[in-house]
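Here this note's numbering = 1-based position in the sequence shown + 16.
See below for the structure under consideration.
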Amino acid sequence: MARPLPERKRRRGQRDLSLPYQEWRFEVGSPEHGQRLDGFLAGRLDWRSRAGIKRLIEDGAVEVLPHKDPQKAAVGRMRSGLRLRWGQEVVVRLDAPGAEDHVEPIAGEDPTDLEVVYEDEHLLAVNKAPGLNVHPSHGHLLDSVIQRIHVRHTALYGKTRDMPTLCHRLDRETTGLILAAKDQLSRTRLGRQFEARSVQKAYLALVEGVLDKEEGVIDFPLGKDLDSEVRLKIGVRKEQEGWPSVTQWKVGKRLPQRTLLELYPKTGRQHQLRVHLAAIGHPIVGDKLYRGGDALFLRHIRKELTSEDKNLLDMTHQALHSWKLSFEHPMTGEAMELEAPLWPTIQQALDRK
């Protein structure tokens, strides 16, 4: 008689970010390109054994971000043998000392400021506020979209087997729709849709100037702006030097000096919509980097914006909004289209011009 196979240990997935935690960040350099994730961390978390590092990875305490990877390659499932790429960033988050004494939110109360657009047993979609990172990052450890989602989830449902996981990202200043999966199977299936680019995304942007046509396509390759003082800045590059990048646009509303555009990105490059619109002479209102330029952006980082800077920007954040997401429900197969109403600050700017 055949012996039964042992039950495989189930991955915990996303750790609970509603609890206090500590964070370490490590950038993958060229010498570490192709190195295994567990070996990479063994040389940096020297107070942990190799087995302990493996448990951290299995328990969802480790995340790998594309960061400076020129190709922005999709990061595979977190596992000890994951091969790292130059430019990626490895993030480790552990419960902080005293986390066991953390006070839980009162059940039935919503201690967050999340605007829920859609929710069912498997999915949660929220309308993200401006000035909020989707994940914790250096300098913004104590508040993020996923942290707020976890606080809300715990308050409403208690500690569950899986914690919600974000399915995609938005820039810190971008508002609008962001989707999370409540279980690992839903996250895996949605992840495949995002990787296959079968998820249709639509954005709204209030831009400077009035466009002559009603619709069009921007097809400019993008890459690092090598002439900029700002390390994260992206620019238009020659075809053989940049990543193919395509944005379809359509006029939503015309104003005397501005235009509200519907944007349909066909590729998903870093800062793609912001760079493409600036490249055709219609930067997004409030964009500190691509509307204001290097000097203004650096003054913003140093908290030294002048009154002239603020008048030029007209808004405290960029007027870019994640408007719609169309995808297949990961469990039912139903065609879904979610829509987040335009963020109030963008609507106010639209109304006054």
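Each residue gets a CB set at the ideal place from its N, CA and C atoms; glycine is no exception.
All of these numbers come straight from a predicted model, not from anything done at the bench.
Proximity winner among H184, L172, E131, H138, relative to H151 (alpha-carbon distances): H184
**Q.** Buried versus exposed, by CB contacts within 10 Å (16 or more), Q273
**A.** exposed
If distances are taken between C-alpha atoms only, which option among E350, M347, S338 comes closest to A141? Residue S338 is the option with its Cα nearest to A141.
For Q104 and W40, I'd like the C-alpha separation in whole angstroms.
14 Å
**Message:** Applying the 10 Å Cβ sphere with the 16-neighbour rule, what's the burial state of A218?
**Reply:** buried
Cα separation between L328 and R177? 49 Å
- request: Leaving aside the five residues before and after D310 along the sequence, list all residues of the same chain whose C-beta is less than 8 Å from its C-beta, in chain order.
  value: S244, E245, V246, K249
**Asked** Taking the alpha helix (DSSP H) that P360 falls in, what are its first and last residues?
**Response** 360–368
A221 lies in the beta strand (DSSP E); which residues open and close that run? Run containing A221: 216–224, per the beta strand (DSSP E) assignment.
The alpha helix (DSSP H) that contains E137, what's its start and end?
No alpha helix (DSSP H) contains E137, which DSSP labels as neither H nor E.
Assign F236 to one of three DSSP states: helix, strand, or coil. coil
Under three-state DSSP, which class holds V107? strand
Check K340 in the structure and name its three-state DSSP category.
-> Here K340 sits in strand by DSSP.
Review point. Any contact of the region 286–294 with the region 303–323, i.e. 3+ C-beta pairs under 8 Å?
Key: The region 286–294, when compared against the region 303–323, does touch it at the 8 Å Cβ threshold.
Exercise for the section: May I ask which residues mark the beginning and end of the alpha helix (DSSP H) holding G207? Expected result: 200–211
Classify R99: buried if its beta carbon has 16 or more other beta carbons within 10 angstroms, exposed otherwise.
R99 sits exposed, since fewer than 16 C-beta atoms from the chains shown fall within 10 Å of its C-beta.
Residue span of the alpha helix (DSSP H) that contains E350, given as start and end
No alpha helix (DSSP H) contains E350, which DSSP labels as neither H nor E.
### Message
Let me check understanding here. Comparing Cα to Cα, which of E79, L110, L172 lies closest to E135?
### Response
L172
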